[in-house]
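For the sequence shown, the working numbering gives the first residue as 1394, with consecutive numbering after it.
Glycine is no exception: its CB is placed at the ideal position from the N, C-alpha and C atoms.
Computed from a predicted model, the values in this text were never measured in an experiment.
Worksheet: one structure, shown below.
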Amino acid sequence: MHDHYHKWVFRKFINTKMSEETPVRDHILIMMGLFNVLDTLGSKMDDEFKEDVIFASFPPSFSQFIMTFNMKKMKTTLPELMNQLTVAEGIIKGHKSGSINVAEGSSGFKPKGRNSKKKGKKTSGT
1394 MHDHYHKWVF
1404 RKFINTKMSE
1414 ETPVRDHILI
1424 MMGLFNVLDT
1434 LGSKMDDEFK
1444 EDVIFASFPP
1454 SFSQFIMTFN
1464 MKKMKTTLPE
1474 LMNQLTVAEG
1484 IIKGHKSGSI
1494 NVAEGSSGFK
1504 PKGRNSKKKG
1514 KKTSGT
């Protein structure tokens, strides 16, 4: 019985995927609960493995965050990771809701620093 339950929890853990509609906090809390059950049943997993499984369970919209996290080789606890992902979720959902204008990505968009330099050049030439 114990072995069967252990396999069932492990399969659930590996097969759990986050949908775009699921809040990050809810998903990570589910995953942390599964980690705790598996730890109780004798499965010892290091934090890096847990991060990898969590990242593998995320939708493609989080790929930029995951790539940056892995490139920086960040070391965090799972609660810290949940907080970072919650912030990333707000940014990602902000982009999807239209709060970032698509036109900003066009060649006509110029950061403030560049505009001020060009204005300075125009006035100095007169």
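- In the DSSP assignment, Leu-1434 falls outside any alpha helix (DSSP H), carrying neither H nor E.
- Between the region 1458-1466 and the region 1416-1423, the count of Cβ pairs shorter than 8 Å is below three; the stretches do not touch.
- With 16 or more other Cβ atoms from the protein chains shown falling within 10 Å of its own Cβ, Phe-1428 counts as buried.
- Distance between Pro-1416 and Gly-1483, taken at the CA atoms: about 10 Å.
- Between Thr-1469 and Ile-1485, the alpha-carbon positions lie close to 21 Å from each other.
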